[in-house]
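**Q**
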Amino acid sequence: MTRWGPFEITRRGLLWGGVTAAGGSVICASGSSIAQSEHLADHMADHSAHTAASPLPGHGSAHGAMITVGEVDEARNGFETAKLLTEWDTGTVSRLPDGRVLRTFELEGIDKEIEIAPGIMFPAWTYNGRVPGPSLRATEGDRLRIVFRNLGSHPHSMHFHGIHAARMDGVPGAGLIDPGDEFVYEFDARPFGCHLYHCHALPLKRHIQKGMYGLFVIDPDPARHPELTDIARSRLLGTPENAEWQEFAMVMNGFDTNFDNENEVYAVNTVAHAYMKRPIRIVRDRPVRIYLANVVEFDPINSFHLHANFFNYFEQGTTLTPTLSTVDLITQIQAQRGILEFSFKDHEPGLYMFHPHQSEFTELGWSGMFDVVEAIA
Amino acid sequence: MNEVSRIAAAEPTAGPARKSRAAFLWLILPMAALGLAIVWLVAVNPLSRFGNGAPPVETLTFERTILSDDGIRVLVRAGGSEPMTIAQVQVDDAYWQFAQDPPGPIGRGSTAWIHLPFPWVLGEAHAINIVTNTGATFEHEIAVAVPTTAHNATSLLSQGLLGVLVGLVPVAIGMMFYPALRGVGRDGMDFLLALTVGLLAFLLVDATAEAFELAGESAAIFQGQAMVWLAAAASFLLLMAVGRRQGAPSGLALATFIALGIGLHNLGEGLAIGAAFAAGAAGLGSFLVLGFMAHNITEGIGISAPLLKKRPALWIFAALALLAGGPAVVGLWIGSLAYAPQWSALALAVGAGAILQVMVEVAAYLMRSDGRGSTALLAPTTIAGLTTGVAFMYGTAMLVKI
């Protein structure tokens with residue numbers, strides 16, 4: 001053996017070391033190279049087919065492909081996006097000794113994993129196992145009693161936008177309860193309008209973004225608005241005038257799935273593209289009323305734009321005459337809400353889109369269609 | 001008396017049998033212990049105590065991106081503790097229709113192609129964001145969207161020609177200095193050999209750094225860092241062993257090793273250029289090609305240095321040039337057809353090991369041919385050659401950096 005250096009290196013020693021090192025590197029490198037080469041073969045076959053076409057992108061139909069792929073399992077979710085639009089929780093009604101209506105709602109805080117876009121699961125905190133929580137609906141002047149049980153893993157509360165006592169505010173020290181506890185919020189339903197409720201536990205952003213919010217609608221009492229009785233009656237659930245209207249509850253929300261303080265999914269009523277894939281059927285001759293609230297976290301502003309039509313807007317729903325007339329776009333800051341009224345009676349039947357005019361939200365799931373039809377068969 | 005002698009006679013045969021049985025027992029015992037440990041692990045599942053309901057850790061690596069007239073294709077490799085499921089894909093912050101091949105969950109270490117019929121815009125940037133069923137996101141940036149070169153006979157031929165141009169031609173040109181270099185004295189010889197070591201030193205640093213960079217881009221499952229170290233060490237030791245079969249190499253043998261080391265590096269370089277083609281990022285202007293050529297001419301000089309005292313046949317030069325430059329062509333083809341960062345990292349690591357071997361051998365040759373032993377390594381001519389080699393390679397490398 002030759003010697004070049006202070007120590008002797010034998011050929012066998014080098015070979016042994018080399019083999020050891022080579023073995024190590026082979027173990028490191030042995031991924032699924034077989035699987036990869038199979039895909040590669042597939043791909044090459046595909047590719048040779050493409051080369052026959054033009055060298056530069058033609059694109060054609062690709063512009064229609066901007067949508068989530070697949071379907072959400074609504075049975076597993078436990079709620080249907082189609083029904084979220086028209087389901088109102090009016091509570092149980094009884095009479096107080098003085099003859100006033102006592103309306104009792106029961107809600108539970110529940111941890112539940114929900115599917116917010118096909119295949120994307122979100123570990124939500126919910127009211128009654130659904131996001132948004134039930135759309136509570138009362139009449140101006142009712143006595144409200146809301147029984148809230150916290151079955152979740154964190155302290156929660158119900159903070160109502162409306163008028164009530166400090167003790168009923170749903171903030172720490174006033175109706176914020178630990179897991180396993182129960183609290184009864186009690187106050188009068190006022191003012192009439194389109195409100196919302198949400199959890200006010202801290203950290204606030206996380207509790208709202210996790211799914212703890214819902215609509216809280218107080219219908220005007222026609223007796224209290226003699227000058228605009230007809231309008232008030234059209235708003236009051238259960239009247240024949242109200243039955244004429246096609247009313248929809250829409251909560252604009254978003255979900256941060258990877259905890260980077262940005263939403264990966266935007267929607268109205270939770271499921272991305274739900275009303276894009278199953279358009280909302282509306283009858284042409286009957287007017288439409290939308291109760292719309294914005295609960296999107298991380299983005300300060302959301303909006304609603306209606307295609308091929310204009311609408312009247314009632315800011316917070318606290319007036320019986322529009323606060324904005326004949327507009328096709330409204331913006332709502334976080335927690336802002338209102339009522340939209342419009343009609344398609346002079347339109348031809350067909351699909352009419354609605355979406356926020358922040359293109360980003362539209363493209364990440366918050367968009368839908370109205371399917372205007374002559375009459376429902 | 002009789003009995004005693006019988007026992008004494010029996011002993012020599014019983015001894016080895018018992019010994020081998022004992023050895024067998026010592027082989028079985030640890031195996032049985034391992035078996036018991038496995039049974040215990042499966043039966044008791046002590047790992048379940050560590051489970052805290054959190055979703056499994058997921059990783060996803062993008063290995064290939066193909067842009068064509070029907071959209072974008074990306075090859076992704078899954079990592080993490082469990083098979084992972086791609087739920088949706090965003091392109092530029094918009095959910096987009098996609099097809100996955102093969103469909104379903106992607107196993108640990110497996111790959112899948114994601115095809116997006118996306119109308120990408122020539123020359124602009126796009127971002128792909130893959131959302132898994134747990135809501136985790138994995139982003140991939142396409143810096144400049146250009147159609148990926150289609151592979152056919154013509155493109156392979158032109159790539160081959162480019163490989164010849166940046167790999168083979170400059171080495172051959174460098175070798176053409178051979179007649180001029182013959183007749184140099186001891187100092188000239190030292191200078192040339194030191195120049196070779198210098199250029200190899202640059203290539204070693206360059207190849208290692210690039211191997212680590214590519215290893216960083218590859219899926220975690222490949223353990224890029226360890227792979228680079230081990231592959232480099234393996235190729236170094238194996239080549240040392242092979243090279244020292246008949247004593248320290250000199251002359252043609254040494255030249256061959258230099259050519260092999262440079263060839264392995266050129267394979268890696270070819271892979272990089274080919275991958276640039278595949279990624280559609282090939283802004284390979286003529287200045288870049290010229291840079292590669294100037295860079296590689298030195299390699300030809302280095303290969304011929306140990307041959308100056310011989311007079312080899314012309315075909316030997318041709319063979320050496322092919323060994324050193326040819327791999328560039330092969331690398332280009334592989335790189336453009338089947339690029340994945342871990343394979344390029346592996347090739348470069350093997351190249352780095354080979355280069356180190358050659359550096360050792362050339363230095364040893366320098367000491368021997370000079371006659372002064374280790375003193376020659378620190379002689380002014382040697383240091384000058386070393387510096388010139390590194391500086392020249394560094395300077396020409398500036399021309400090829402994108």
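Taken in order, these protein sequences are the chains called A and B. Residue numbers for the first sequence follow full-length UniProt numbering, so the first one is 1 and each next one is one higher. Residue numbers for the second sequence follow full-length UniProt numbering, so the first one is 1 and each next one is one higher. Every residue gets a Cβ at the ideal spot worked out from N, C-alpha and C, and that includes glycine.
Threshold first: 3 residues or longer. Then list the beta strand (DSSP E) segments lying entirely within the stretch 94 to 153 of chain B, N to C.
**A** Here the runs fully enclosed are 99 to 101, 111 to 116, 126 to 132 and 137 to 142.
**Q** State buried or exposed for residue 244 (chain A), treating a residue as buried only when at least 16 other CB atoms are found within 10 Å of its CB.
**A** Here the question's residue 244 (chain A) lines up with position 244 in the first sequence. Residue 244 (chain A) should be labelled exposed.
**Q** Whole angstroms are fine: how far does the CA of residue 89 (chain A) sit from the CA of residue 130 (chain B)?
**A** Residue mapping note: residue 130 (chain B) aligns to position 130 of the second sequence, counting from 1. Residue mapping note: residue 89 (chain A) aligns to position 89 of the first sequence, counting from 1. About 38 angstroms.
**Q** Leaving out five residues on either side along the sequence, give the residues of the same chain with a beta carbon under 6 angstroms from the beta carbon of residue 220 (chain A).
**A** If you number the first sequence from 1, residue 220 (chain A) lands on position 220. For residue 220 (chain A), where only same-chain residues beyond five positions count, the Cβ hits under 6 angstroms are 140, 192, 232 and 235.
**Q** Is it true that the CB of residue 75 (chain B) sits closer than 8 angstroms to the CB of residue 132 (chain B)?
**A** The sequence position of residue 132 (chain B) within the second sequence is 132, counting from 1. The sequence position of residue 75 (chain B) within the second sequence is 75, counting from 1. Not closer than 8 angstroms, so no.
**Q** Tell me whether residue 310 (chain B) is buried or exposed, calling it buried when 16 or more other Cβ atoms sit within 10 Å of its Cβ.
**A** Stepping through the second sequence from its first residue, residue 310 (chain B) is reached at position 310. Label assigned to residue 310 (chain B): exposed.
**Q** Going by C-alpha to C-alpha distance, which of B:201, B:41, B:258 and B:348 sits closest to residue 265 (chain B)?
**A** Mapped onto the second sequence, residue 265 (chain B) falls at position 265. Comparing Cα-Cα distances from residue 265 (chain B) to each of B:201, B:41, B:258 and B:348, the minimum goes to B:348.
**Q** Around the Cβ of residue 139 (chain B), are there at least 16 other Cβ atoms within 10 angstroms (buried) or fewer (exposed)?
**A** Within the second sequence, residue 139 (chain B) is the residue found at index 139, counting from 1. Counting Cβ neighbours within 10 Å, residue 139 (chain B) comes out exposed, since fewer than 16 surround it.
**Q** By Cβ distance below 6 angstroms, which residues in the same chain neighbour residue 304 (chain B) in space, the five residues on each side in sequence not counted?
**A** Taking the second sequence and counting its residues from 1, the one referred to as residue 304 (chain B) is at position 304. Only 175 and 178 meet the Cβ criterion.
**Q** Excluding the 5 residues flanking residue 361 (chain A) on each side, which residues of the same chain have their C-beta closer than 6 angstroms to its C-beta?
**A** Looking up residue 361 (chain A) in the first sequence gives position 361. Correct list, in chain order: 266.
**Q** Can you find a CB in chain A that lies within less than 8 angstroms of the CB of residue 96 (chain B)?
**A** Residue mapping note: residue 96 (chain B) aligns to position 96 of the second sequence, counting from 1. With 8 angstroms as the cut-off, residue 96 (chain B) counts as an interface residue toward chain A.
**Q** For residue 157 (chain A) versus residue 171 (chain A), is the C-beta distance shorter than 8 angstroms?
**A** For the purposes of this step, residue 157 (chain A) is taken as residue 157 along the first sequence, with counting starting at 1. For the purposes of this step, residue 171 (chain A) is taken as residue 171 along the first sequence, with counting starting at 1. Contact: yes.
**Q** Tell me which residues share the same chain as residue 190 (chain A) and place their Cβ nearer than 8 angstroms to its Cβ, disregarding the 5 neighbours each side in the sequence.
**A** Counted from its first residue, the first sequence places residue 190 (chain A) at position 190. Excluding residues within five positions, the ones whose Cβ falls inside 8 angstroms are 140, 141, 162, 163 and 218.
**Q** Please work out which residues of its chain come closer than 6 angstroms, Cβ to Cβ, to residue 272 (chain A), disregarding the five sequence neighbours upstream and downstream, and give them in chain order.
**A** Locating residue 272 (chain A) in the first sequence gives position 272, counting from the first residue. So the list reads 68, 117, 265 and 365, once near-sequence residues are dropped.
**Q** Taking a Cβ distance cut-off of 7 angstroms, strictly less, list which residues of the stretch 344 to 377 of chain A are near chain B, in chain order.
**A** Answer in chain order: 360, 363, 364 and 365.
**Q** What separation, rounded to the nearest whole angstrom, lies between the Cα atoms of residue 137 (chain B) and residue 78 (chain B)?
**A** Your numbering for residue 137 (chain B) matches position 137 in the second sequence. Your numbering for residue 78 (chain B) matches position 78 in the second sequence. The alpha-carbon atoms of residue 137 (chain B) and residue 78 (chain B) are separated by roughly 13 angstroms.
**Q** In three-state terms, what does DSSP make of residue 93 (chain A)?
**A** Looking up residue 93 (chain A) in the first sequence gives position 93. Strand.
**Q** If the cut-off is 7 angstroms on Cβ atoms, which residues from the stretch 250 to 270 of chain A count as contacting chain B, listed in chain order?
**A** Answer in chain order: 257, 258 and 264.
**Q** Whose C-beta lies closer than 7 angstroms to the C-beta of residue 372 (chain A) among residues of the same chain, with five residues either side of it excluded?
**A** On the first sequence, position 372 is the one that residue 372 (chain A) refers to. The residues are 282, 284, 344, 347, 349, 350 and 352.
**Q** What residue range is occupied by the uninterrupted alpha helix (DSSP H) comprising residue 215 (chain B)?
**A** The residue you call residue 215 (chain B) lines up with position 215 of the second sequence. Unbroken alpha helix (DSSP H) run through residue 215 (chain B): 186 to 217.
**Q** Curious, which full-length alpha helix (DSSP H) runs of at least 4 residues does the stretch 226 to 295 of chain A contain?
**A** Whole alpha helix (DSSP H) segments, 4+ residues: 229 to 235, 240 to 243 and 274 to 277.
**Q** For residue 212 (chain A) and residue 77 (chain A), what's the separation of their Cα atoms in angstroms?
**A** Stepping through the first sequence from its first residue, residue 212 (chain A) is reached at position 212. Stepping through the first sequence from its first residue, residue 77 (chain A) is reached at position 77. Near 16 angstroms, if we compare the C-alpha coordinates of residue 77 (chain A) and residue 212 (chain A).
**Q** Give a yes or no on contact between the stretch 96 to 103 of chain A and the stretch 246 to 261 of chain A, applying the rule of three or more CB pairs nearer than 8 angstroms.
**A** Result no; under three Cβ-Cβ pairs closer than 8 angstroms.
**Q** Secondary structure at residue 67 (chain A), three-state DSSP: helix, strand or coil?
**A** Residue numbering aside, residue 67 (chain A) sits at position 67 when the first sequence is read from its first letter. Coil, per DSSP.
**Q** Which residue comes first and which comes last in the alpha helix (DSSP H) that contains residue 146 (chain A)?
**A** Taking the first sequence and counting its residues from 1, the one referred to as residue 146 (chain A) is at position 146. Residue 146 (chain A) -> not in any alpha helix (DSSP H); beta strand (DSSP E) instead, spanning 143 to 150.
**Q** Among A:144, A:106, A:160 and A:79, which one has its Cα closest to the Cα of residue 150 (chain A)?
**A** Here the question's residue 150 (chain A) lines up with position 150 in the first sequence. Per the Cα distances, A:106.
**Q** What does residue 134 (chain B) reach in chain A if we use C-beta pairs closer than 7 angstroms?
**A** Within the second sequence, residue 134 (chain B) is the residue found at index 134, counting from 1. Ordered by position in chain A, the residues that pass the 7 angstroms Cβ test against residue 134 (chain B) are 121.
**Q** Listed from N- to C-terminal order along the chain, which residues in the stretch 64 to 85 of chain A have their beta-carbon within a distance smaller than 7 angstroms of any beta-carbon of chain B?
**A** Under the 7 angstroms Cβ criterion, the stretch 64 to 85 of chain A contributes 65, 66, 67, 68 and 69.
**Q** Verify the CB distance criterion: does residue 382 (chain B) have a CB-CB separation below 8 angstroms to chain A?
**A** To locate residue 382 (chain B), count along the second sequence from 1; it is residue 382. Not closer than 8 angstroms to any Cβ of chain A, the Cβ of residue 382 (chain B) fails to qualify, so no.
**Q** Taking any Cβ of chain A, which residues in the stretch 112 to 123 of chain B have a Cβ under 9 angstroms from it, in chain order?
**A** Per Cβ criterion, the list reads 112, 113, 115, 116, 117, 118, 119, 120, 121 and 122.
**Q** Classify residue 370 (chain B) as helix, strand or coil using the three-state DSSP reduction.
**A** Residue 370 (chain B) sits at position 370 when you count from the first residue of the second sequence. Residue state, collapsed to three classes: helix.
**Q** For residue 359 (chain A), which option in A:210, A:311, A:304 and A:173 has the closest C-alpha, if you only look at C-alpha atoms?
**A** Locating residue 359 (chain A) in the first sequence gives position 359, counting from the first residue. Among A:210, A:311, A:304 and A:173, the Cα nearest to that of residue 359 (chain A) is on A:304.
**Q** Along the alpha helix (DSSP H) that carries residue 240 (chain B), what are the first and last residues, could you check?
**A** If you number the second sequence from 1, residue 240 (chain B) lands on position 240. Taken as a continuous stretch (DSSP letters only), the alpha helix (DSSP H) holding residue 240 (chain B) covers 224 to 243.
**Q** Assuming residue 306 (chain A) contacts residue 354 (chain A) (C-beta within less than 8 angstroms), just tell me the rounded distance between them.
**A** Position 306 of the first sequence, counted from the first residue, corresponds to residue 306 (chain A). Position 354 of the first sequence, counted from the first residue, corresponds to residue 354 (chain A). Going by Cβ atoms, the distance from residue 306 (chain A) to residue 354 (chain A) rounds to 5 angstroms, so yes, they are a contact pair.
**Q** Could you pull the DSSP bridge partners for residue 339 (chain A) from this structure?
**A** Position 339 of the first sequence, counting from 1, holds the residue named residue 339 (chain A). Bridge partners of residue 339 (chain A): A:291 and A:314.
**Q** Taking a contact to mean a Cβ-Cβ separation below 8 angstroms, would you say residue 271 (chain B) touches residue 334 (chain B) in this structure?
**A** The sequence position of residue 271 (chain B) within the second sequence is 271, counting from 1. The sequence position of residue 334 (chain B) within the second sequence is 334, counting from 1. Contact flag set, yes.
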